[in-house]
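See below for the structure under consideration.
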Ligand code: FAD
C-alpha cells in the first residue's frame, strides 16, 4: 500500500518517540539552562555528562562533595571539605552542584568511594533551587535505580556518605532538608560515616558548628577508608596567569560582564540566576530618611525583557562591591598597580570550576564576583596564615585561626571583612605572597540579594517595585560601620537618578555605570525568582497579613492587587494588614497609599498599626494581633489565609506563637492544640511566610 504524507509523518513521529523513550533522553535532552555554562570561561554546558560515576572515574576521583546551596555558603563549605580531604588525607576530591547530575545510578557507587552532602534548607523546610530535582528523586515513593528491578530493598548498601546541613533554628523546619535526605539514604541502605552535622544560622554559630563537626568526621572517615593523615600543604585549585601584554579593553576581556552574551553586548534571555537582565530603573525615591536610616522605593522596568513576575515573587539584584572596599582589598594584597592587568584563570583539575568568566582583570574579579565585604571565616584565617608577610604576623594569624575565643574577640566582634582584617593583623604590611587562587577558593562568590516584590503584577506587570532599607550595622567597640553592599549600591543609583553626577554614599564610591559603562543611564542587573508566597486564587477569600518594617513589601503588592480587583468589580474578601514601625512620623511606609487603597476597598480593607516607640511601652504587631483575637479567629474560621513577612529571627516566631494562643483562647482548646492548628495551617498552605 502506498503511504501518504500524513502516514509518513505519523510513522516518523512514532519512531522518534520510541527512540526517545528507550534512550531515556540521552540524545534529545537539552541542557536545562542554555546560559548556565557560559559562566565558566564561556564554555557551553551542552553535552556535559550528567553521570557522576563517569565523571569521577574519568577524573580519577574517589570523593564527591555535593552541595545544595542558595546563598553560596553550602557551596563554600563543600569546597572547603573537598580541599581539606585532598590536602590532609590525600583523597581525590571534587565538588558537584546537585543540579548538574542524575542520581539513578547511585546504586553503582563504588564501595571504596565516599559521597558528601552539604545541604542548606531553604524557606519553609524546602530544598534549595539547585537541589529540587535531587530531592524529588530521592523522596519519590518508588525510587528507581539503574541496576533496576525494584526487588532490592537496600540498593544503596555500597554508598558511604557524610552529611552536613545548614539551617536556622528560628524556622519551623530546622535543617529538614539534610535530615530528610539522610533518612531516605538510610532507608535505601546507605551507610553514614560520622555524625550528621548541623549548622545553625539562627544561633549565629554556623561556622563554629561546621568546624566542630568536621574534625571527628574526618577521623571517622580516615578510619573507615584507611586514610593516612599527612601534613597539609596548600595546593592551589586555580592557575592565575598574568598577561601584561594584553590590553584590558580588548573585546575578549571580561571587565565584570557576567557571561559571554553580555560581553558581546547582547541581552538575551532567559534571564535567571546565571544571566541577569540589565534593567533600567524607571523611578526611585526615599520613602523615609531619618538620622542614619533610610528606605528606598524603586521601580525596575522589565518591559525590554521577557521577564515576568506574579504578585508575591522575589526580584534578585546583582550587586557591585563598593570602590572603597575594592581599593582596600587590592591594596592590602599589593595588587593596586596591577589592578587592570589581564589575568587568565584556569582550573588545575578538570572538576575545578572557575566561578567567573575569564580572561579578566583583578579589578573586575574583586569588584563584580567576590563577596569581599562579608564576615571572615576562622578557617580562612587559618589557611592564609602561612602566607603572612612576616613570621610575627604568621604567628598571630595562626593563633586566630586555631583559637575560637580569640578569633571571636579579634575578628568577629569587630565586624572585619577580609581586607580590614589583613590590614589589621598585617600592621600595614602587604600580603603579597598569598596566591590569588586562595581567594578564589576561599571567598564566596558574590550573591544576588533578594527583595520581596512590592507591586502587583495585575496592576503593573512590567514594572517591579522594590522596598529596601539601606543597611548599616554599627556595633559598639567595632572600628568599622558595616555598610550593606547592595542597598548602598541602590542608594547610589537613586542619588544619580536625582541629579547627583558622582553619587558617593558614605564614601563608598560605587562604579555604578558598570563594566564598560554598560549600566549607564541608571540600570541595575536583576532576575526574578518565583515564590510560593501567593494570594488565594479566589479574591473573595479573606486574608490576614502581618508585615512590620520592610516586611510590608509583598503586602503592598497584595493590597494593590485587591484594590484593582475591587475596581474591576470583583468581590474582594476582608483584607487586614498589621503593620508596625518605630514612629508614625518617621518610618511609616506608604502611609498615603494605604488611604487610597482604603478608598478603593472600603471597609474590606483594614490597616492595623503598631508604633513601637511612641508610647511608654513598646507595641509590636503581635500585640495588635492579640488585641484583635476575636476578629482574627473569626476570619480564620471563614478560611482566611494568614501571611507573615519580614524578620525571621524574632517577629515571625512570635507571631506564630501568638496565633496559636489566639486560636486556643477563642476556640476554648489547649495551647498545644492551638499550636497544632497553626502547624496544620502551614502544611495546608493557609499560613505562609516570606521571611529573612
Ligand atoms: P549585606 O552587605 O549583605 O550585609 C547584610 C548584613 O550582613 C549587614 O547588615 C551585617 O549585619 C552583616 N554583615 C555584612 N558584612 C559583615 C561583616 N564584615 N561583619 C559582620 N557582619 C556583616 N530586604 C529589604 O529591605 N526588603 C525586602 O523586601 C527584602 N526581601 C527579602 C526577601 C527574601 C526572600 C530574602 C532572602 C531577603 C530579603 N531582604 C529584603 C533582605 C535583602 O535580601 C538583603 O539581605 C538586604 O537588603 C541587605 O543586603 P546588602 O547587600 O545591602 O547587605
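Residue numbers (this note's numbering): 37 to 728.
C-beta atoms are modelled at their ideal positions from N, C-alpha and C, and glycine is treated no differently.
Computed from a prediction, not measured in an experiment: that's the story for all the values here.
Nearest CA to the CA of residue 340: which residue from 334, 326 and 302?
302
Check the C-beta distance from residue 355 over to residue 500 and give it rounded, since I have them as a contact under 8 Å.
With 8 Å as the limit, residue 355 and residue 500 do not qualify as a contact, their Cβ atoms being about 17 Å apart.
DSSP three-state assignment for residue 251, whether helix, strand or coil
Correct three-state label for residue 251: helix.
Residues in the same chain with beta-carbon distance under 6 Å from residue 591, minus the five sequence neighbours each way, listed in chain order, please.
581, 583 and 613
According to DSSP, is residue 729 helix, strand or coil?
The structure shown does not extend to residue 729, since the chain is modelled only from 37 to 728, so the question has no answer here.
Using CA atoms only, rank isn't needed, just tell me which of 681, 658 and 721 is closest to residue 697.
Check the Cα spacing between residue 697 and each of 681, 658 and 721: the tightest is with 658.
So what does DSSP say about residue 316, is it helix, strand or coil?
strand
At a cut-off of 7 Å, is residue 714 close to the ligand FAD when judged by its beta-carbon and the heavy atoms of the ligand?
no
How would you call residue 534, buried or exposed, if buried means at least 16 neighbouring beta carbons within 10 angstroms?
exposed
CA-to-CA distance, residue 404 to residue 78, given in whole angstroms
With a pLDDT of 34 at residue 78, under the threshold of 50, the predicted position of this residue should be treated as unreliable, and no value is reported.
If you draw a straight line from the C-alpha of residue 326 to the C-alpha of residue 523, how long is it?
16 Å
Could you please give me the residues that DSSP links to residue 337 through a beta bridge?
Its beta-bridge partners are 499.
Using CA coordinates, which residue listed in 158, 494 and 260 is at the minimum distance from residue 197?
260
What does the Cβ neighbour count give for residue 192, buried or exposed, with the cut at 16 atoms within 10 Å?
So residue 192 ends up on the buried side.
Going by other Cβ atoms of all chains shown within 10 Å of its Cβ, with 16 needed for buried, is residue 280 buried or exposed?
exposed
Do residue 629 and the ligand FAD come close, with the Cβ less than 7 Å from some heavy atom?
No, Cβ of residue 629 sits at least 7 Å from all heavy atoms of the ligand FAD.
Own chain residues within Cβ distance below 7 Å of residue 226, not counting five before or after
192, 195 and 197
Quick one: what does DSSP say residue 537 is sitting in, helix, strand or coil?
In the three-state scheme derived from DSSP, where H, G and I count as helix and E and B as strand, residue 537 is classed as coil.
Assumed close pair residue 164, residue 105 - CB separation to whole angstroms, cut-off 8 Å:
Correct: roughly 6 Å between the Cβ atoms.
Under a Cβ-count criterion, where at least 16 other Cβ atoms within 10 Å of its own Cβ denotes burial, should residue 576 be classed as buried or exposed?
exposed
Every unbroken beta strand (DSSP E) inside the segment 116-169 [3 residues or more]:
129-133 and 150-158
Where does the unbroken beta strand (DSSP E) through residue 472 begin, and where does it stop?
Segment 472-478 is the alpha helix (DSSP H) holding residue 472; no beta strand (DSSP E) there.
Checking 8 Å against the spacing of the C-beta atoms, do residue 98 and residue 149 come in under that value?
yes
Check for me: the beta strand (DSSP E) holding residue 771 runs from which residue to which?
Shown here, the chain extends from 37 to 728; a query on residue 771 therefore has no answer.
Report the rounded CA-to-CA distance for residue 470 versus residue 476, giving the unit in angstroms.
Here the alpha carbon of residue 470 sits roughly 11 Å from the alpha carbon of residue 476.
Is residue 487 close to the ligand FAD? I mean its beta-carbon at under 7 Å from any heavy atom of the ligand.
yes
Taking the C-alpha atoms as reference points, what is the distance between residue 552 and residue 526?
19 Å
Give me the Cβ distance between residue 564 and residue 349, rounded to the nearest whole Å; I'm assuming they're in contact under 8 Å.
6 Å
Buried/exposed call for residue 598, threshold 16 Cβ in 10 Å:
buried
Any heavy atom of the ligand FAD closer than 7 Å to the beta-carbon of residue 252?
no
How far does the alpha helix (DSSP H) with residue 591 in it reach, from first residue to last?
Segment 589-603, the alpha helix (DSSP H) holding residue 591.
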